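Start counting the sequence shown at 1; every next residue gets the next number (the UniProt record's numbering).
Ideal Cβ placement from N, Cα and C applies to all residues, glycine included.
Nothing here was measured: the structure is a model prediction, and the numbers come from that model.
What follows is a single structure, written as structure tokens, with notes after it.
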Amino acid sequence: MTDTTHSFSDLHGAAYDAMDRGALTEASRLFAALLDAEPDKRAYHYMRGLAHKYMRDWPLCLQHNLRAKALADDECEAEHWNAAIAATAMGDWAEARRLWTSCGIRVPEGDGPIDDDYGVAVSRLNPWHGGETVFIRRIDPVRGRLLNVPLPESGHRFGDIVLHDGAATGHRYDGEHKVPVFNEMARLVPSEFQTFVVFIRCGQRDDRDALLRATAPGIGYAEDWTESVRHYCLRCSYGTPHRHDAVRDDDWRPDRNLGIAAQSRRAVEHLLAQWVAGGGDRHLEAIETREVEPPPCEEGHVWWRGPDED
């Protein structure tokens, strides 16, 4: 083996090793060096495009995946999907529509953004930083609108439109069916709804349910986080005084923590005033809100892999 061959082999191994470690900037640089030596190597274009996909650098992702697609024998390999994801992220709707259609994906007629019903799924928000999971209504092959009220710390809101990856990393039940779980790639369109964290006390489940069913101008959606958010005491984290009562799993917990998506604080105050006035053992303890930016995506771990992948 010549020194040149040995050097190229080392470069090849180092590039794939960097990708396996989640060192995306290093991987991109090494695959670029490999392409200098073999400019028509489909695998290297695909891998550099993949690195830039997870860096969320969409122009270079699109460029290299289109080149890999041109060098591929099959019309709908992974590079085809990744090119379509990049075009969607960039808002290049003509290219996105062309790519999805040529891959056999149903796309409604039109020229602008795709807006159809592709079913319910789950999106793992900020998968590089904890990964809160929420249900989404998919409006195109890789975009969805949030159906839950996410925690403010996620930097997301009810109604956000997010871009998600093309490959599922697991499944969850939506109450009736098994639905795919996709990693979020980016928040594309922020929602008009703010997230308000509301602490109430009510003696009966029916009182809580009455609030969840209530509607008012400016209110998008309300959900009870009391059992779903278990990893810390939400009230303590917001500095709301209360006592920790010892309860069994089947006991009703009078202290409830709700997430309410609303256009303004006034809308939330109006909703809760009506609820309290409705009678029963109903008490409002606090309304809090926090505006938090989504956490940055940092290199160094392979957040895009599913739990069953090596």
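In this structure, does DSSP put residue i in helix, strand or coil?
| i | result |
| --- | --- |
| Lys41 | coil |
| Phe182 | strand |
| Ala51 | helix |
| Asp224 | strand |
| Arg143 | strand |
| Leu34 | helix |
| Gly112 | coil |
| Pro294 | coil |
| His12 | helix |
| Glu75 | coil |
| residue 313 | Any answer about residue 313 is impossible in this case: the structure gives the chain only from 1 up to 310. |
| Pro150 | coil |
| Leu125 | coil |
| Ala23 | coil |
| Arg208 | helix |
| residue 312 | Residue 312 is absent from the model: the chain starts at 1 and stops at 310. |
Please return the same chain residues whose Cβ sits closer than 6 Å to the Cβ of residue i, not counting the five positions on each side in sequence.
| i | result |
| --- | --- |
| Cys236 | With a pLDDT of 42 at Cys236, under the threshold of 50, the predicted position of this residue should be treated as unreliable, though the coordinate-derived value follows. So no residue of the chain qualifies. |
| Met90 | Trp58 |
| His64 | His45, Arg48 and Gly49 |
| Ile260 | Phe196, Val198, Ala222 and Val268 |
| Arg208 | Cys202 and Arg256 |
| Leu60 | His52 |
| Asp174 | Val120 |
Should residue i go down as buried or exposed, given a rule of 16 or more other Cβ atoms within 10 Å for buried?
| i | result |
| --- | --- |
| Pro39 | exposed |
| Thr25 | exposed |
| Lys69 | buried |
| His171 | exposed |
| Ser154 | buried |
| Lys178 | exposed |
| Ser28 | buried |
| His52 | buried |
| Trp252 | exposed |
| Ser102 | exposed |
| His301 | exposed |
| Ser9 | exposed |
| Tyr44 | buried |
| Asp255 | buried |
| Asp160 | buried |
| Val134 | buried |
| Glu291 | exposed |
| Glu75 | exposed |
| Pro296 | exposed |
| Pro127 | buried |
| Ser228 | exposed |
| Arg266 | exposed |
| Gln194 | buried |
| Glu79 | buried |
| Pro152 | buried |
| Ser123 | buried |
| Ala18 | buried |
State the start and end residues of the unbroken alpha helix (DSSP H) segment that holds residue i.
| i | result |
| --- | --- |
| Glu95 | Trp93 to Ser102 |
| Cys61 | Trp58 to Leu71 |
| His80 | Ala78 to Met90 |
| Ala216 | Looking at the DSSP string, Ala216 is not in any alpha helix (DSSP H), and its letter there is neither H nor E. |
| Arg266 | Arg265 to Ala277 |
Given residue i, which residues of its chain have a CB within under 7 Å of its CB, disregarding the five upstream and five downstream residues?
| i | result |
| --- | --- |
| Trp275 | Ala210, Leu211, Ala214 and Arg282 |
| Leu66 | Ala83 |
| Val107 | Arg97, Trp100, Thr101 and Ile114 |
| Ala87 | Leu62, Glu95, Ala96 and Leu99 |
| Glu299 | Gly22, Ala23, Leu24 and Thr25 |
| Leu11 | Leu30, Ala33 and Leu34 |
| Arg42 | Ala68, Leu71 and Ala72 |
| Ile105 | Pro141 |
| Gly271 | Here the sequence assigns Leu to residue 271, which means Gly is not the residue at that position. Ala214, Ala216 and Ile219. |
| Leu125 | Gly131, Glu132, Val134, Pro150, Ser154, His156 and Glu184 |
What residue range is occupied by the uninterrupted beta strand (DSSP E) comprising residue i?
| i | result |
| --- | --- |
| Ala286 | Arg282 to Thr289 |
Tell me, please, which residues DSSP counts as bridged to residue i.
| i | result |
| --- | --- |
| Leu258 | Val198 and Asp224 |
| Tyr173 | Lys178 |
| His164 | Glu184 |
| Val120 | Arg137 |
| Val189 | Ile161 |
Using C-beta distances below 8 Å, list every residue in its chain close to residue i, excluding the 5 sequence neighbours before and after it, in chain order.
| i | result |
| --- | --- |
| Glu192 | Gly159 and Gln263 |
| Gln204 | Trp252, Gly280 and Asp281 |
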